[in-house]
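**Student:** Okay, so the sequence shown: first residue is 7 according to my numbering, each after it adds one.
From the three backbone atoms N, C-alpha and C, an ideal C-beta is built for every residue, glycine too.
To start, I am sharing the structure in question, which I have written as structure tokens.
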Amino acid sequence: MARDFEQYSAWRQGVVTALKNYQSWVAAAALGDAATDQRIARTLARLADDKLSVAFVAEFSRGKSELINAIFFADYGQRILPSAAGRTTMCPTELMYDPSFAPSIRLLPIETRADNLSTSDYREQPSAWTVLPLNLEVGADMHEVFKQVSMTRRVPVEEAKRYGLYDEDDPDMPVTLGDDGKVEISLWRHAIINFPHPLLKQGLVILDTPGLNAIGTEPELTLNLIPNAHAVLFILAADTGVTKSDIEVWRNHIGAGAGRLVVLNKIDSMWDELRSEAEVDVEIERQQANVAHVLALEPRQVFPVSAQKALVGKITRDDALLARSRLQALEAALFDELIPAKKDIVRRQLSAELRALSAAQMALVNARARGIVEQLHELKSLRGKNRTVIAHMMRRIDVEKKEFDTSLFKLQATRAVFTRLSTELYTSIGMDIVRDDIDLVRDQMQRSRFFTGVREAVRNYFERIRANLDASERKTVEISEMMGVMYRRFASEHGLTLALPLPFSLGPYRDEIAAIEAIYYKQFGTATLITTSRVVLMEKFFDTIASRVRGCFKSANNDADAWLKVVMAPLEAQIRQHKDQLKHRLASIQRIHDATDSLEQKIEAFESGQQQLEAQKLRLGELAAAIGSAIDAEFEALDAAA
7 MARDFEQYSA WRQGVVTALK NYQSWVAAAA LGDAATDQRI ARTLARLADD
57 KLSVAFVAEF SRGKSELINA IFFADYGQRI LPSAAGRTTM CPTELMYDPS
107 FAPSIRLLPI ETRADNLSTS DYREQPSAWT VLPLNLEVGA DMHEVFKQVS
157 MTRRVPVEEA KRYGLYDEDD PDMPVTLGDD GKVEISLWRH AIINFPHPLL
207 KQGLVILDTP GLNAIGTEPE LTLNLIPNAH AVLFILAADT GVTKSDIEVW
257 RNHIGAGAGR LVVLNKIDSM WDELRSEAEV DVEIERQQAN VAHVLALEPR
307 QVFPVSAQKA LVGKITRDDA LLARSRLQAL EAALFDELIP AKKDIVRRQL
357 SAELRALSAA QMALVNARAR GIVEQLHELK SLRGKNRTVI AHMMRRIDVE
407 KKEFDTSLFK LQATRAVFTR LSTELYTSIG MDIVRDDIDL VRDQMQRSRF
457 FTGVREAVRN YFERIRANLD ASERKTVEIS EMMGVMYRRF ASEHGLTLAL
507 PLPFSLGPYR DEIAAIEAIY YKQFGTATLI TTSRVVLMEK FFDTIASRVR
557 GCFKSANNDA DAWLKVVMAP LEAQIRQHKD QLKHRLASIQ RIHDATDSLE
607 QKIEAFESGQ QQLEAQKLRL GELAAAIGSA IDAEFEALDA AA
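Here it is as structure tokens:
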């Protein structure tokens, strides 16, 4: 397991390194823009926060905590999570590692169930949690602190109802009452154990759930933690088989699919010294086949194990006992399915991001290449041309530049329309409308204390959410179409090679809302029971629904805001590049023009010098002739005197 996780972490780090190298190259090549920078930053942040979550789901006394100890914590030489007969995990417990927190266990009081906030909401309120430090040097002390997840207290029935933990119409509930007329409930609503285990440090998150009854009453499990887990281990006991509550939870909350494994624990209860090992194996296979049939699975999807014997075998280094426990087959199946599935998710996300990035940057590179070819063609065409031709080309480029500047002025008018449409988008997707909608449903719930009225309020709530998403989708389509028209116009008017603006869709958020609604209807859609306790339970579920919807719309707002900021980035990048190219073309031809002027001046100076030399040559001849004449006259005079 450690090796598999190390390989996955190394693979993920390699992806991060490659992405950072890509980012550096893009910056060095001046191919980046706001959209590129934002996409790369978001992808790197997502990789840095990458987690692998494994949920363990079972009724109490199925050996769930013991299985977690056997798989993950045997190297510590003792049980880390409390494990004993009866219920040892009373509240949902997450084991993870966050270096920003000291090793500790954070506990959310059960009283918070009386408020209109989900567990997810409380994650952003550190003051709401009770924090107990972990002494990593003393295993016994740490074990004592971990026992907090099994702590309970007795409360009056009315208080339990207020928390949604007691349904008076459930025939099994009266037997939970003590002689004092009180009900035993968990002391805590949720626990987060921050523990520096090697696998947890590498991003593994382990979810230990309480009994199956809690899955129906704790919305955080039903709506968030179990559906979003990358792997779910559904644990049954070989000595009890599949119970009715097991079947309901499997069908309603887990179901067959990728990363969903069924564990048939406690096969050691079938070991019998009076029977041969082969006979025991046949009996285990029979039980395995029966479980697979009831849950509509293949027998190979059910893993018989003995968690307790596996833990003992690992601690005592008894390889024979470990092999007989069959745990290694489960571990191999878990990580052979979990890690490749997670890698595939990361690959798909990165592929989509890089395709969009590559398309935008390839458009920039192609535009640059085309610009260079055009400039080179222009420069070569100037060879042997006179000043008149060059001046004409300068005027043509200047006209082209002025036309481009006019288009930029028109672009400002388009920006005004873009701003208006962006504002209209937030009238249907903004957080204010989300808050007001949630308040409206809570008000309707308070005014209608009947189950059907509360259910109708929630049904209308989902309809309004869909209507708001549809309206927002229409607005994003309108913005995209307007931007597409503008992109195509610039491309045709100025010969630019422009990739169309980045697409944006609210589809993922619509799917997320649909998944939330489907889980809600599984829980409450067909029920007709009208009881106060049922209404309270639905209200608790709505708190978590509201939190999920709020988170979904917050993500949609962030993504829409980011999209609106960068949707014009490719066009703006091309505009800047085109302006630079026009400027460079004009400067190049100006230099040729200037060089031509200089040559003309030199030629004129040379011709003037030539004329001066000719005049000088004539004058020199005249002077020489005069001197010769004077000399001849002087000799004639001397001859006469002689």
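1. In its own chain, which residues sit with a C-beta less than 8 Å from the C-beta of N200, not counting the 5 before and 5 after it?
2. Buried or exposed: G319, going by 16 or more other Cβ atoms within 10 Å of its Cβ?
3. What separation, rounded to the nearest whole angstrom, lies between the Cα atoms of F510 and K589?
4. What's the call for I241, buried or exposed, on a 16-neighbour Cβ count within 10 Å?
5. Which residue wins for smallest C-alpha separation from E291, given the options R306, S282, R266?
6. Cα separation between L142 and D517?
7. Under the three-state reduction of DSSP, which class applies to L239: helix, strand or coil?
8. Whose C-beta lies closer than 7 Å to the C-beta of L570 among residues of the same chain, with five residues either side of it excluded?
9. Using the C-alpha atoms, what's the distance from F496 back to R554?
10. Please check the pair I321 and A80, which I expect to be a contact at CB under 8 Å, by giving their CB distance rounded to whole angstroms.
11. Using the C-alpha atoms, what's the distance from D55 back to Q208?
12. When the Cα atoms are used, what is the spatial distance from T534 to A335?
13. Exposed or buried, N271, counting other C-beta atoms within 10 Å across all chains shown (16 or more means buried)?
14. Would you report the Cα separation of F66 and P88, rounded to the nearest angstrom?
15. Taking only runs that begin and end inside the region 35-117, name each unbroken alpha helix (DSSP H) of 4 or more residues, in chain order.
16. Out of curiosity, what's the CA-to-CA distance linking D185 and K167?
17. So, helix, strand or coil for F424, using DSSP?
18. In the DSSP assignment, find the alpha helix (DSSP H) that holds A166 and state where it starts and stops.
19. Below 8 Å on the Cβ atoms is my guess for S133 versus D549; work out the distance and round it to an integer in Å.
20. Suppose you measure from the CA of I536 to the CA of E174; what does that come to, to the nearest Å?
21. Does any residue of chain C bring its CB to less than 8 Å from the CB of A329?
22. Taking 7 Å as the limit between beta carbons, can you name the residues of its chain near I609, skipping five residues before and five after?
23. Below 8 Å on the Cβ atoms is my guess for T425 versus M492; work out the distance and round it to an integer in Å.
24. Counting beta carbon pairs with one atom in the region 11-23 and one in the region 347-364, are three or more of them shorter than 8 Å?
25. Is the region 35-52 in contact with the region 226-243, if contact means three or more CB pairs nearer than 8 Å?
26. Determine, using beta carbons only, whether Y515 and L475 come nearer to each other than 8 Å.
27. Which residues bound the alpha helix (DSSP H) around H299?
28. In the DSSP assignment, the alpha helix (DSSP H) including E518 goes from what residue to what residue?
29. Comparing C-alpha positions only, which one of M489, A477, Q367 sits nearest to V32?
30. Where Q84 and A24 are concerned, what is the direct C-alpha to C-alpha distance, given to the nearest angstrom?
31. What are the start and end residues of the alpha helix (DSSP H) that includes R448?
32. Taking only the alpha-carbon atoms, compute the straight-line gap between A338 and Y128 and give it to the nearest angstrom.
33. Where does the unbroken beta strand (DSSP E) through V137 begin, and where does it stop?
34. Can you name, in chain order, every residue of its own chain whose Cβ lies under 6 Å from the Cβ of L213, other than the five neighbours on each side?
35. Quick one: what's H196 bridged to in DSSP?
36. Which residue comes first and which comes last in the alpha helix (DSSP H) that contains L213?
**Tutor:** In terms of the structure at hand:
1. By one-based count along the sequence shown, residue 200 stands at place 194. Correct list, in chain order: M102, Y103, D104, F107, A108, P109, S110, I111, R112, L140.
2. Taking the sequence shown and counting its residues from 1, one reaches residue 319 at position 313. Buried is the call here.
3. Residue 510 sits at position 504 when you count from the first residue of the sequence shown. Residue 589 sits at position 583 when you count from the first residue of the sequence shown. Approximately 34 Å, taken between the alpha carbons.
4. One-based indexing of the sequence shown puts residue 241 at position 235. Label assigned to I241: buried.
5. Position 285 of the sequence shown, counted from the start, is the residue given in the question as residue 291. Closest option to E291, Cα to Cα, is R306.
6. Residue numbering aside, residue 142 sits at position 136 when the sequence shown is read from its first letter. Residue numbering aside, residue 517 sits at position 511 when the sequence shown is read from its first letter. Roughly 43 Å between the two C-alpha positions.
7. Translated into positions along the sequence shown, residue 239 becomes position 233. Three-state DSSP puts L239 in a strand.
8. Counting from 1 along the sequence shown, the entry for residue 570 is found at position 564. Excluding residues within five positions, the ones whose Cβ falls inside 7 Å are S428.
9. As a working mapping, residue 554 is identified with position 548 in the sequence shown. As a working mapping, residue 496 is identified with position 490 in the sequence shown. Each residue's alpha carbon lies about 42 Å from the other.
10. Residue numbering aside, residue 321 sits at position 315 when the sequence shown is read from its first letter. Residue numbering aside, residue 80 sits at position 74 when the sequence shown is read from its first letter. Rounded, the Cβ-Cβ distance is 6 Å, consistent with contact.
11. Position 202 of the sequence shown, counted from the start, is the residue given in the question as residue 208. Position 49 of the sequence shown, counted from the start, is the residue given in the question as residue 55. Their backbone Cα atoms lie some 10 Å apart in a straight line.
12. What you label residue 534 is simply residue 528 of the sequence shown in a count that begins at 1. What you label residue 335 is simply residue 329 of the sequence shown in a count that begins at 1. Its pLDDT being 48, under 50, T534 is placed unreliably in this model, and the value from its coordinates should be taken loosely. If I take the Cα positions, the gap works out to 44 Å.
13. Indexing the sequence shown from 1 puts residue 271 at position 265. The residue is buried, with at least 16 neighbouring Cβ atoms inside 10 Å.
14. Stepping through the sequence shown from its first residue, residue 66 is reached at position 60. Stepping through the sequence shown from its first residue, residue 88 is reached at position 82. C-alpha separation (whole angstroms): 13 Å.
15. 40-54, 70-78
16. Taking the first residue of the sequence shown as position 1, residue 185 is located at position 179. Taking the first residue of the sequence shown as position 1, residue 167 is located at position 161. Spanning the two alpha carbons is a distance of roughly 18 Å.
17. On the sequence shown, residue 424 is found 418 positions in, with the first residue counted as 1. The answer is helix: DSSP assigns F424 an H, G or I state.
18. For this step, residue 166 is matched to residue 160 along the sequence shown. Note, A166: alpha helix (DSSP H), 163-168.
19. Position 127 of the sequence shown, counting from 1, holds the residue named residue 133. Position 543 of the sequence shown, counting from 1, holds the residue named residue 549. In fact, because the Cβ distance is near 19 Å, the residues do not count as touching under 8 Å.
20. As a working mapping, residue 536 is identified with position 530 in the sequence shown. As a working mapping, residue 174 is identified with position 168 in the sequence shown. Model confidence at I536 stands at a pLDDT of 48, short of 50, so the residue's coordinates are unreliable; what they give is reported in the following sentence. Straight-line Cα distance between these residues: approximately 12 Å.
21. Within the model displayed, chain C is absent; a lone protein chain is all it includes.
22. Residue numbering aside, residue 609 sits at position 603 when the sequence shown is read from its first letter. Confidence is the limiting factor: at I609 the pLDDT is only 49, short of 50, which leaves the residue's position unreliable, though a coordinate-based value still follows. There are no such residues.
23. Here residue 425 is taken as the residue at index 419 of the sequence shown, counted from 1. Here residue 492 is taken as the residue at index 486 of the sequence shown, counted from 1. Contact flag wrong, Cβ pair sits at about 14 Å.
24. yes
25. no
26. By 1-based counting over the sequence shown, the position of residue 515 is 509. By 1-based counting over the sequence shown, the position of residue 475 is 469. Closer than 8 Å, so yes.
27. As a working note, residue 299 is residue 293 in the sequence shown. Run containing H299: 283-300, per the alpha helix (DSSP H) assignment.
28. If you number the sequence shown from 1, residue 518 lands on position 512. It spans 513-530 - the alpha helix (DSSP H) in which E518 sits, taken as one unbroken run.
29. To locate residue 32, count along the sequence shown from 1; it is residue 26. For the residues M489, A477, Q367, the minimum Cα distance to V32 belongs to Q367.
30. For the purposes of this step, residue 84 is taken as residue 78 along the sequence shown, with counting starting at 1. For the purposes of this step, residue 24 is taken as residue 18 along the sequence shown, with counting starting at 1. So the alpha carbons of these two residues sit roughly 41 Å apart.
31. Residue numbering aside, residue 448 sits at position 442 when the sequence shown is read from its first letter. Taken as a continuous stretch (DSSP letters only), the alpha helix (DSSP H) holding R448 covers 437-453.
32. As a position in the sequence shown, residue 338 is number 332, starting the count at 1. As a position in the sequence shown, residue 128 is number 122, starting the count at 1. Straight-line Cα distance between these residues: approximately 36 Å.
33. Walking along the sequence shown from the start, residue 137 turns up at place 131. Per DSSP, V137 belongs to the beta strand (DSSP E) from 136-139.
34. By 1-based counting over the sequence shown, the position of residue 213 is 207. Excluding residues within five positions, the ones whose Cβ falls inside 6 Å are A61, E100, L231.
35. On the sequence shown, residue 196 is found 190 positions in, with the first residue counted as 1. Answer is L114.
36. By 1-based counting over the sequence shown, the position of residue 213 is 207. Premise fails: L213 lies in the beta strand (DSSP E), 210-214, not in any alpha helix (DSSP H).
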